[in-house]
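Those sequence lines, one after another, are chains A and B.
Using our numbering, read the first sequence as starting at 909 and increasing by one per residue.
Using our numbering, read the second sequence as starting at 231 and increasing by one per residue.
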Amino acid sequence: MQVIRCTQKLLRELKQEPTNVVPMNHLLGSWHANLLIIERHKCVLVTNDSTLYTIFIPCLTKPDFQVFPILFGQHLFKSLLNEDFSQKQIEAVLDEHRDIQYGKTNNRRVLGSMNDLAFQLKCHIKMDGGIKATNIPELNYKLNRTILSLNNYQRPIDMLRRKLEEINT
Amino acid sequence: MDEIEVKITPEERDLILDHTLADEALTDRLKIAEMRGKYLVARYSISDLDDLIGFIAAEANHTEDKKLQKKLDRLIDKLERMLEE
């Protein structure tokens, strides 16, 4: 089981009440998520608390919010595949995301980092000529190579690789 | 759209205006906020208040001034409580 800690505006969009569940057994730990409106499209930015590994999910429709855990799982899978993680590593991560609960945000440091990432992704989208012209896997690739002060200026992808290293051994 | 009445002190307003990179769309209403007693009162949608908290949190992450960081953290706590009420 895993927890996605959502901002109030995202909880409203998801039509979900937050729970106080704390995941017991975890490899990556909880995530924070925020709703962004870009060019009138509803998008969600999801960032892992322990690594700041980030997944940007663009242009969600109303039905997408109803099946958000599935959608998040799909984007997580694609993102890990795109980063050349092994099948064993991907399976281990997806395993702990089979059951997703929603919680309230509880880490202002992660929220602050997400604010920086949101600024960066908006710049990338603008430079690419708009959200429809943006290559989303490439955007996620760039976001996960952004150094962040919360990670002691390490890249989220390197933090994630370190976390998942033990799975291959 | 549901709006929240945000009550902050002039010192807290200055923290936001002087130290964060929040968009003017979020901060302009603080510049003209009505004074009620010792508080400034402005109205925010849930979405805007979430965004404002994000900008304050980003500044709290970046600053090397521990005193300022504490002040910003306290302000975030206060705004988050208003958001949850």
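Glycine residues also receive a C-beta, built at the ideal position from the N, C-alpha and C atoms.
Anticipated Cβ contact below 8 Å, residue i with residue j, distance rounded
{"i": "isoleucine 1075/A", "j": "glutamine 997/A", "result": "5 Å"}
{"i": "proline 977/A", "j": "isoleucine 1039/A", "result": "With a Cβ gap of about 23 Å, proline 977/A and isoleucine 1039/A do not count as contacting."}
{"i": "threonine 927/A", "j": "glycine 1037/A", "result": "About 40 Å separates the two Cβ atoms, so there is no contact after all."}
{"i": "glutamate 233/B", "j": "tyrosine 274/B", "result": "6 Å"}
{"i": "asparagine 942/A", "j": "methionine 1022/A", "result": "6 Å"}
{"i": "isoleucine 946/A", "j": "lysine 1030/A", "result": "7 Å"}
{"i": "leucine 1002/A", "j": "leucine 984/A", "result": "7 Å"}
{"i": "asparagine 1048/A", "j": "serine 987/A", "result": "6 Å"}
{"i": "arginine 243/B", "j": "leucine 260/B", "result": "5 Å"}
{"i": "leucine 1080/A", "j": "tyrosine 961/A", "result": "Past the edges of chain A, shown from 909 to 1077, lies residue 1080/A, and the structure says nothing about it."}
DSSP-derived helix/strand/coil call for residue i
{"i": "alanine 263/B", "result": "coil"}
{"i": "serine 1080/A", "result": "A query on residue 1080/A cannot be resolved here, the shown segment of chain A reaching from 909 to 1077 and no further."}
{"i": "glutamine 916/A", "result": "helix"}
{"i": "leucine 1002/A", "result": "helix"}
{"i": "glutamine 924/A", "result": "coil"}
{"i": "lysine 950/A", "result": "strand"}
{"i": "arginine 1070/A", "result": "helix"}
{"i": "isoleucine 246/B", "result": "helix"}
{"i": "alanine 252/B", "result": "coil"}
{"i": "asparagine 942/A", "result": "strand"}
{"i": "lysine 237/B", "result": "strand"}
{"i": "tyrosine 1049/A", "result": "helix"}
{"i": "leucine 270/B", "result": "strand"}
Residue i: first and last residue of the uninterrupted beta strand (DSSP E) it sits in
{"i": "proline 966/A", "result": "962-968"}
{"i": "glycine 1011/A", "result": "1008-1012"}
Segment limits, alpha helix (DSSP H) that includes residue i
{"i": "glutamate 310/B", "result": "296-314"}
{"i": "serine 277/B", "result": "276-292"}
{"i": "glycine 937/A", "result": "Run containing glycine 937/A: none; DSSP gives neither H nor E here."}
{"i": "proline 977/A", "result": "976-990"}
Near-chain B residues of the stretch 956-988 of chain A - C-beta to any C-beta below 8 Å:
none
Please go through the stretch 1015-1045 of chain A and give each complete alpha helix (DSSP H) segment of 4 or more residues, from N-terminal end onward.
1016-1036
Members of the stretch 238-249 of chain B that neighbour chain A once the beta carbon cut-off is set at 9 Å:
none
Going along the stretch 1046-1072 of chain A in order, which residues come within less than 9 Å of chain B, judged by CB to CB distance?
Leu1056, Ser1057 and Leu1058
Along the stretch 909-938 of chain A, where does the CB come closer than 7 Å to a CB of chain B? Name the residues.
Those residues of the stretch 909-938 of chain A that come within reach of chain B (Cβ to Cβ, closer than 7 Å) are Thr915, Gln916, Lys917 and Arg920.
Contact set between the stretch 1018-1048 of chain A and chain B, restricted to residues whose Cβ is under 9 Å from the partner:
Against chain B - using a Cβ distance shorter than 9 Å - the residues of the stretch 1018-1048 of chain A are Val1018, Leu1019, Gly1020, Ser1021, Met1022, Asn1023, Asp1024, Ala1026 and Phe1027.
Positions along the stretch 252-282 of chain B whose CB lies within less than 7 Å of some CB in chain A
Correct list: Ile276, Ser277 and Asp280.
Residues of the stretch 292-311 of chain B with Cβ closer than 7 Å to any Cβ of chain A, in chain order
His292, Asp303 and Ile306
Output needed in chain order: residues of the stretch 997-1008 of chain A with a Cβ under 7 Å from some Cβ in chain B.
none
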